[in-house]
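Beneath this line is the structure, given in structure tokens, with notes to follow.
Numbering (the working numbering), first residue to last: 346 to 460.
Pasting the structure below:
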């Protein structure tokens with residue numbers, strides 16, 4: 346069973362930066378497009394960034410475009426989300442998963458942006 350483990354969240358002031366990591370077990374990581382999702386309290390989970398299998402194509406939600414950068418290292422079965430210029434509205438639990446054929450969701454990692 347492939348498992349996804351997110352890490353790197355924390356409390357940061359507005360304007361600050363964080364780097365999230367997503368570690369995937371199993372050998373099939375590189376054949377799937379992957380995404381970072383977030384869910385704020387009382388809101389539905391949303392896809393904020395996605396990356397193609399080889400990492401050459403990325404897409405972002407308008408709300409994070411220009412501030413977040415998604416990347417992946419298929420040799421390490423790991424995906425990253427570099428977040429900068431963070432805003433209070435970025436506060437959420439962040440999850441990683443495949444873009445299609447989702448795996449069971451992991452625990453996520455909490456990101457709180459507050460002064």
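We treat Cβ as the ideally placed atom computed from N, Cα and C, and that holds for glycine.
Could you say which of the options lies nearest to residue i if we only look at CA atoms?
{"i": "residue 395", "options": "418, 440, 378 and 448", "result": "378"}
{"i": "residue 374", "options": "412, 398 and 460", "result": "398"}
{"i": "residue 370", "options": "348, 356 and 386", "result": "348"}
{"i": "residue 368", "options": "410, 386, 425 and 413", "result": "425"}
{"i": "residue 407", "options": "391, 353, 355 and 376", "result": "391"}
{"i": "residue 387", "options": "460, 438 and 452", "result": "438"}
What is the rounded straight-line gap between the Cα of residue i and the Cα of residue j?
{"i": "residue 403", "j": "residue 415", "result": "7 Å"}
{"i": "residue 351", "j": "residue 435", "result": "16 Å"}
{"i": "residue 389", "j": "residue 420", "result": "32 Å"}
{"i": "residue 382", "j": "residue 458", "result": "17 Å"}
{"i": "residue 446", "j": "residue 409", "result": "24 Å"}
{"i": "residue 442", "j": "residue 358", "result": "27 Å"}
{"i": "residue 291", "j": "residue 372", "result": "Only positions 346 to 460 of the chain appear in the structure, and residue 291 is not among them; the question remains open."}
{"i": "residue 346", "j": "residue 449", "result": "9 Å"}
{"i": "residue 422", "j": "residue 380", "result": "14 Å"}
{"i": "residue 454", "j": "residue 366", "result": "9 Å"}
Determine the extent of the beta strand (DSSP E) in which residue i is found, giving its start and end residues.
{"i": "residue 437", "result": "437 to 443"}
{"i": "residue 456", "result": "454 to 458"}
Decide yes or no for the touch test of the stretch 419 to 432 against the stretch 360 to 377: beta carbon pairs closer than 8 Å, at least 3 of them. yes
For the stretch 351 to 434, list the beta strand (DSSP E) runs that are entirely contained and at least 3 residues long, ordered along the chain. 355 to 357, 363 to 369, 379 to 384, 391 to 396, 403 to 405, 413 to 418 and 423 to 428
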